[in-house]
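A quick write-up on the structure given underneath.
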């Protein structure tokens, strides 16, 4: 895509997350709690929990917070019970948006998400409205300058689904959602460390927004991400910086 840098986009996203560290901590704790609730507290047998803990450690979440979140998820400590729910909609220029939430009050959450869409030039759609435009997968991004041949060999040996070199020199490795943690560990054992590794909803096609449209779309995405119940926001839009 002309003028679009996958690497710059990833770095921009990480920077925005780091700037909201308190919010990030809350999201990490919720994810660990739900992962432990759904798959148990054994990290070796629960890939989702293993990834959540790795991500939490990467953001310097204290160990006590991690341990307590696991205990709440497995019922060893009392705590709020969260439910996973997804909302779909459209942003500026018809860009698709998916919003993943963890909530203890669906009525509150849907009202807040709908308001954020409406106030910022978007609109909510019905369930399934845009889900077909995304692929649920594990994604790792490696920095420009990484040994392409070596990484490709390591990724294929580890069981990755796909390896792609982007125009900016960054390398993208895709896996099935459940295999990300295992493939990541195998690749790292081969000497390659990803800058970004996450199970996400990857847009099958992207559209670049520029100028005023880009500003409006970023405002919508920021409004959604600022909501307490929102864990992740995915969009087919690429914001031109």
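Numbering (this note's numbering), first residue to last: 309 to 549.
Ideal Cβ placement from N, Cα and C applies to all residues, glycine included.
The structure displayed is predicted, hence computed values, not measured ones.
Taking C-beta separations shorter than 7 angstroms and ignoring five residues to either side along the sequence, the partners of residue 533 in its chain run 541, following chain order. Uninterrupted beta strand (DSSP E) stretches at least 3 residues long and entirely within the region 338–422 occur at 391–398 and 404–411, given in chain order. Counted as a single uninterrupted DSSP element, the alpha helix (DSSP H) harbouring residue 489 occupies residues 488–497. Residue 523: not part of any beta strand (DSSP E); member of the alpha helix (DSSP H) spanning 519–533, first to last residue. When C-alpha distances from residue 489 are compared across 505, 520, 478 and 479, the shortest belongs to 505.
Of the residues assessed, residue 421 falls on the buried side of the cut-off, its CB having 16 or more other CB atoms within 10 angstroms. Each residue's CA atom was taken as its position, placing residue 441 and residue 511 some 6 angstroms apart.
Nearest in C-alpha terms to residue 347, of all of 382, 453 and 465, is 382. Apart from sequence neighbours up to five positions away, the residues of its chain that approach residue 483 with a beta-carbon distance below 6 angstroms are 446, 468, 469 and 491, ordered along the chain. Within 10 angstroms of the beta-carbon of residue 370 lie fewer than 16 other beta-carbons, which makes it exposed. Within 10 angstroms of the beta-carbon of residue 415 lie fewer than 16 other beta-carbons, which makes it exposed. Spatial neighbours of residue 444 in its own chain (CB-CB distance under 7 angstroms, excluding positions within 5 residues in sequence) are listed in chain order as 485 and 509.
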